[in-house]
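Student:
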Amino acid sequence: MNVLYLLNHAGKAGTERYVQSLVEKLDGTKIKAYFAYNEDGLLLERLKELGVGTYRVEMRNPYDLKAAKELAALCRKLRIDLIHTHYLRENYIAMLAQLFGSKAKVAYTNHFIARNNLVTRLSNRLMNPLESGVIAVCNRGREMMISNGVAASKISVLFNAVDPELWGKPEPSTLREELALSADTFVILCASRFAHDKGHSYLVRTMARLKELSGREFKCVLAGDGPLLEEIKQLTSEMGLEQDIVFLGFRKDIKNLFNGSDLYFNSSEHEASSFLILEALASGLPVAATDMGGNNDIINERTGCGVLVKYEDADGTAKEIKRIMENGDLQTELRQNAMKAVQENFNLVKMANQTYNLYEEFIHKS
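What the sequence shown shows, in our numbering, is residues 1 to 366, in sequence order.
1. Do you know offhand how far His-200's Cα is from Gly-284's?
2. From this set, Asn-266, Leu-229, Gln-243 and Ala-280, which residue's C-alpha is nearest Gly-260's C-alpha?
3. Under the rule that 16 or more other beta-carbon atoms within 10 Å means buried, what is Gly-293, buried or exposed?
4. If you drop the 5 nearest sequence neighbours on each side, which residues of the same chain put their C-beta closer than 8 Å to that of Ser-132?
5. Would you kindly report the start and end of the unbroken beta strand (DSSP E) that includes Tyr-34?
6. Out of Ile-324, Gln-354, Lys-211 and Leu-210, which has the shortest C-alpha to C-alpha gap to Leu-263?
7. List the DSSP bridge partners of Ala-107.
8. State the Cα-Cα distance for the pair Thr-15 and Leu-22, rounded to the nearest angstrom.
9. In terms of residues, what are the limits of the beta strand (DSSP E) holding Ala-223?
10. Leaving out five residues before and five after Leu-213 in sequence, what residues of the same chain have Cβ atoms less than 6 Å from its Cβ?
11. Let me know the secondary structure DSSP gives Thr-29 once reduced to three states.
12. How long is the line joining the alpha carbons of Glu-375 and Gln-243, rounded to whole angstroms?
13. What does the Cβ neighbour count give for Arg-209, buried or exposed, with the cut at 16 atoms within 10 Å?
14. Quick test of your reading: Ala-288 and Glu-320, contact by CB under 8 Å. State the CB separation rounded to the nearest angstrom.
15. Hey, would you say Gln-354 sits closer than 8 Å to Leu-166, going by beta carbons?
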């Protein structure tokens with residue numbers, strides 16, 4: 001089976017990690033993978049290193065007929081059976097390519113939960129017959145897609161996943177030594193990009209409230225970069241938390257950070273299915289996350305691997321973190337459940353195989 005992964009921007013975010021993971025697990029065993037893109041980035045470099053054939057297709061908008069014609073020619077040349085798309089622009093172009101002779105079926109993974117405008121909702125209904133199948137990465141995402149005009153019968157929910165063997169392998173961490181932290185210091189980690197939807201101001205206010213509520217020594221470690229970094233640093237200073245919150249900048253050693261921490265805090269306002277949450281859990285790190293998007297598919301009473309908190313409720317969130325921070329037995333229980341949850345429900349090998357099964361189903365649809 002020849003599969004073309006189509007992505008406008010080949011950057012370094014969660015969607016790109018999703019594509020790379022599928023290629024690593026499926027290429028050369030169950031499929032022959034190809035990659036087409038518009039704007040290059042880290043994913044392009046990584047796929048080239050894996051030996052994947054890469055092709056540039058300029059995609060200016062969702063209704064770009066020139067791009068659709070070029071894509072159709074590429075699919076004929078490579079004998080593509082299935083195009084796997086990941087954003088609305090590429091998805092529409094892949095479907096429009098069928099008007100120019102492409103025989104490739106189209107599968108779309110929706111990585112976001114967002115209400116479409118009226119024009120897009122109407123377009124979704126018109127385009128439905130050209131689409132073989134849709135993958136939602138969370139249950140709330142499926143509900144939103146249905147409201148956006150996507151046929152419910154075409155949507156399958158398949159959670160994001162990570163490699164539990166990779167992340168769960170014990171390795172010593174240098175984080176506490178780097179920051180001169182004692183073994184008793186409770187370390188709270190957040191590794192989100194500093195952008196509006198990541199909730200860093202809410203996180204800072206939560207840390208201020210936690211400091212008021214608990215006498216236990218803690219350190220909040222923030223890794224990442226982004227447009228709001230300096231603004232959040234300023235807020236941290238204004239709230240007198242310079243000794244409680246540390247900024248590490250962009251880091252590639254995320255596993256090292258997980259292994260040196262006690263709790264991962266996801267403070268996002270919007271979230272479909274966070275790879276960072278899954279990677280933290282696979283590392284045995286409990287998670288406190290906002291009850292947004294697909295977070296409740298991951299953290300719930302059944303998995304018992306962390307706590308869900310209300311976005312912008314700094315007081316309630318601080319109380320939940322305090323409860324974990326001051327209860328060693330609870331921490332142990334959450335750590336054990338974290339690794340178990342990933343092994344059973346968010347396992348990359350299982351997810352890749354399930355995705356391949358959907359590919360088979362999609363290409364055999366009439």
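Backbone N, C-alpha and C define an ideal beta-carbon position, used for all residues, glycine too.
Tutor: Walking through what the data contain:
1. 24 Å
2. When only C-alpha atoms are compared, the closest one is Ala-280.
3. It is buried - the Cβ of Gly-293 has at least 16 other Cβ atoms within 10 Å.
4. Leu-82, Lys-105, Val-106, Ala-107, Lys-154, Phe-362, Ile-363 and Lys-365
5. Run containing Tyr-34: 32-39, per the beta strand (DSSP E) assignment.
6. Ile-324
7. Partner(s): His-84 and Gly-133.
8. 11 Å
9. For Ala-223, the enclosing beta strand (DSSP E) begins and ends at 218-223.
10. Ala-318 and Lys-322.
11. coil
12. Since the first residue shown for the chain is 1 and the last is 366, residue 375 is missing from the structure and cannot be characterised.
13. buried
14. 6 Å
15. no
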